[in-house]
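Colleague: Let me give you the structure first, and then I'll get to my questions.
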Amino acid sequence: TQLLEQSPQFLSIQEGENLTVYCNSSSVFSSLQWYRQEPGEGPVLLVTVVTGGEVKKLKRLTFQFGDARKDSSLHITAAQPGDTGLYLCAGGDDGTASKLTFGTGTRLQVTL
Amino acid sequence: KAGVTQTPRYLIKTRGQQVTLSCSPISGHRSVSWYQQTPGQGLQFLFEYFSETQRNKGNFPGRFSGRQFSNSRSEMNVSTLELGDSALYLCASSLQGRAEETQYFGPGTRLLVL
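As given, the protein sequences belong to chains C and G, one line each in that order. When we follow this note's numbering, the leftmost residue of the first sequence carries the number 182, and every step to the right adds one. When we follow this note's numbering, the leftmost residue of the second sequence carries the number 343, and every step to the right adds one.
In C-alpha cells, the structure reads:
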C-alpha cells in the first residue's frame, strides 16, 4: 500500500511569514499533485508535477518534485489569510488522473 | 460552465440502512471518480467510472458500489451502513481520466450514520 505522509499536520502562522509543507513517500509516483480544500468544499487542484526535480511556481507558491519522484514540497512566501485551508498532496501511479493516493493533509491557518 | 454537483449535500442514516449518493460531472466529462474523506483515514479512492464501466477500484468492501449512466452522471451506493461509513463522500470528474487532465471535485455529500 502506497502512503504519503505530510508534515507538519497543523501550522498556524501570521500574515507575511513563509512556510514549507512536505509530502514524503517510500514509493515512486508518476505524478504528484497539490490541492487546497476549504471547509464545505471539495479539493481544488493547485499544480501537477511530473518530472523528477521539477519546480513550478504559482504566484507566491513554489512546488518541487523530488529527483526520485518520491517526495514533494510546497513553499508559500509571505502567507496571507486567503491561504488558509487544508493542503493535500496526491500521487498518481498508473497514468490516470483518477486513482490518486492522497497525503495525510496539512491544515494551515494564517492570521492577521 | 457549471461545476460538479453532488446531491444530497447532507444525509443522516442509521446502521443497517442503505444510501445512494448522486454526482453530476461537468458537461463533457466522461470520467467520474469517488472518494471517501474521514478525519482518521483522510481521502481514499473508492472507484472510477468511464463510459458506464468501472475502470479502477480502491480497497473498499463490496458494500460500496457504483454505476454510471449514459449521460455520465454517477451514483454511489452503500449497503448495510456501519458507523464507520460516516464521512464526506466526494466525486470528481475529468474529461477522460488521463494523467495530464485536471480533476474537478464536487462539494461532497456529508453522511452521518447513527
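Quick reminder that beta carbons are idealized off the backbone N, C-alpha and C, glycines included.
Enumerated in chain order, which unbroken segments of the alpha helix (DSSP H) with a length of 4 residues or greater are wholly contained in the stretch 360-418 of chain G?
Modeller: none
Colleague: With 9 Å as the limit, tell me which residues of the stretch 205-228 of chain C have their beta carbon closer than that to any beta carbon of chain G; keep them in chain order.
Modeller: 211, 212, 214, 216, 218, 221, 222, 223, 224, 225, 226
Colleague: Quick one, which of 272/C, 290/C, 293/C has its alpha-carbon nearest residue 226/C's?
Modeller: As a working note, residue 226/C is residue 45 in the first sequence. When only C-alpha atoms are compared, the closest one is 272/C.
Colleague: For residue 245/C, which residues does DSSP report across the bridge?
Modeller: Against the first sequence, residue 245/C aligns to sequence position 64. For residue 245/C, which the question treats as bridged, DSSP gives the partners 236/C, 254/C.
Colleague: Could you tell me the distance, in whole angstroms, from the CA atom of residue 280/C to the CA atom of residue 431/G?
Modeller: Numbered from its first residue, the first sequence carries residue 280/C at position 99. Numbered from its first residue, the second sequence carries residue 431/G at position 89. Distance between the alpha carbons of residue 280/C and residue 431/G is about 15 Å.
Colleague: How about residue 412/G and residue 392/G: are their beta carbons less than 8 Å apart?
Modeller: Along the second sequence, read from residue 1 onward, the residue named residue 412/G stands at position 70. Along the second sequence, read from residue 1 onward, the residue named residue 392/G stands at position 50. Result no, Cβ atoms of residue 412/G and residue 392/G do not sit closer than 8 Å.
Colleague: When you compare the CB of residue 419/G with every CB in chain C, is at least one pair closer than 8 Å?
Modeller: By one-based count along the second sequence, residue 419/G stands at place 77. Answer no: the Cβ-Cβ gap between residue 419/G and chain C never drops below 8 Å.
Colleague: Counting C-beta neighbours from all protein chains within 10 Å, is the total for residue 291/C 16 or more, i.e. buried, or is it exposed?
Modeller: Translated into positions along the first sequence, residue 291/C becomes position 110. The residue is buried, with at least 16 neighbouring Cβ atoms inside 10 Å.
Colleague: Say whether chain G places a C-beta atom closer than 8 Å to the C-beta of residue 280/C.
Modeller: By one-based count along the first sequence, residue 280/C stands at place 99. Judged by the 8 Å Cβ criterion, residue 280/C is in contact with chain G.
Colleague: Would you call residue 389/G buried or exposed, if buried means 16 or more other Cβ atoms sit within 10 Å of its Cβ?
Modeller: Position 47 of the second sequence, counted from the first residue, corresponds to residue 389/G. Per the 10 Å Cβ criterion, buried.
Colleague: Is it the case that the Cβ atoms of residue 222/C and residue 449/G are separated by a distance below 8 Å?
Modeller: For the purposes of this step, residue 222/C is identified with residue 41 of the first sequence, where counting begins at 1. For the purposes of this step, residue 449/G is identified with residue 107 of the second sequence, where counting begins at 1. The answer is yes: Cβ separation under 8 Å.
Colleague: With distances taken between CB atoms, is the gap from residue 356/G to residue 455/G smaller than 8 Å?
Modeller: The residue given as residue 356/G occupies position 14 in the second sequence. The residue given as residue 455/G occupies position 113 in the second sequence. Contact check for residue 356/G against residue 455/G passes: the beta carbons are separated by less than 8 Å.
Colleague: Restricting to Cα atoms, I'd like to know which of 444/G, 451/G, 358/G is closest to residue 435/G.
Modeller: On the second sequence, residue 435/G is found 93 positions in, with the first residue counted as 1. Per the Cα distances, 444/G.
Colleague: Using a 10 Å radius around the Cβ and a threshold of 16 neighbouring Cβ atoms, would you call residue 429/G buried or exposed?
Modeller: Position 87 of the second sequence, counted from the start, is the residue given in the question as residue 429/G. Under this definition residue 429/G is a buried residue.
Colleague: From residue 213/C to residue 362/G, what does the alpha carbon distance come to, in whole angstroms?
Modeller: Counting from one through the first sequence, the residue named residue 213/C turns up at place 32. Counting from one through the second sequence, the residue named residue 362/G turns up at place 20. Residue 213/C and residue 362/G: Cα-Cα distance of roughly 31 Å.
Colleague: With a CB to CB cut of under 6 Å and the five nearest residues on each side skipped, what residues in its chain are close to residue 255/C?
Modeller: Sequence index remark: in the first sequence, residue 255/C carries index 74 (1-based). 202, 215, 244, listed in sequence order.
Colleague: I'd like the span of the beta strand (DSSP E) that includes residue 266/C, first residue to last.
Modeller: Position 85 of the first sequence, counted from the start, is the residue given in the question as residue 266/C. Taken as a continuous stretch (DSSP letters only), the beta strand (DSSP E) holding residue 266/C covers 266-273.
Colleague: Using three-state DSSP, classify residue 192/C as helix, strand or coil.
Modeller: Along the first sequence, one-based indexing puts residue 192/C at 11. Strand at residue 192/C.
Colleague: Measure the CB-CB distance between residue 250/C and residue 210/C and report whether it falls below 8 Å.
Modeller: Here the question's residue 250/C lines up with position 69 in the first sequence. Here the question's residue 210/C lines up with position 29 in the first sequence. Result yes, Cβ atoms of residue 250/C and residue 210/C sit closer than 8 Å.
Colleague: What first and last residue would you give for the beta strand (DSSP E) that runs through residue 346/G?
Modeller: Residue mapping note: residue 346/G aligns to position 4 of the second sequence, counting from 1. No beta strand (DSSP E) contains residue 346/G, which DSSP labels as neither H nor E.
Colleague: Compute the Euclidean distance between the alpha carbons of residue 397/G and residue 407/G, then round it to the nearest angstrom.
Modeller: Here the question's residue 397/G lines up with position 55 in the second sequence. Here the question's residue 407/G lines up with position 65 in the second sequence. The alpha-carbon atoms of residue 397/G and residue 407/G are separated by roughly 13 Å.
Colleague: Within 10 angstroms of its Cβ, does residue 293/C collect 16 or more other Cβ (buried), or is it exposed?
Modeller: Looking up residue 293/C in the first sequence gives position 112. Residue 293/C comes out exposed.
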